[in-house]
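Reviewing the structure listed below.
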Amino acid sequence: MKIAEIRERNDMELQELERELRERLVRLNVAKATQRLTNTAQFSQIRRDIARVKTVQNERVLGITDNAGEATEEANS
């Protein structure tokens, strides 16, 4: 999932998405323990998605906006 897609969601949707991702991670751990897991790359992808969701949530709490382009322009001045 791309960060832009995550930023489009509201706070309630982000909480729900995080819960769903954590549930998927638990199911993957169970599949791994029972040796039914074939694609272990899913672990890192889900963990990254959870981190992206947490990052967006934290940005909103701190009031950080996505103005990376403006910040670099100010630094170059």
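Throughout the sequence shown, residue numbering follows the numbering used here, covering 168 to 244 in sequence. All residues carry an ideal CB built from backbone N, CA and C; glycine is no exception. Computed from a prediction, not measured in an experiment: that's the story for all the values here.
With a minimum length of 4 residues, the unbroken runs of alpha helix (DSSP H) contained wholly in the region 182-243 fall at 208-229, 235-243.
Counting of Cβ neighbours within 10 angstroms places ASP233 among the exposed residues, the total staying below 16.
Here ILE213 is buried, its C-beta having at least 16 other C-beta atoms within 10 Å. By the neighbour-count criterion, in which 16 or more other beta carbons inside 10 Å mark a residue as buried, VAL193 falls on the exposed side.
In the three-state reduction of the DSSP assignment, MET179 falls in the helix class.
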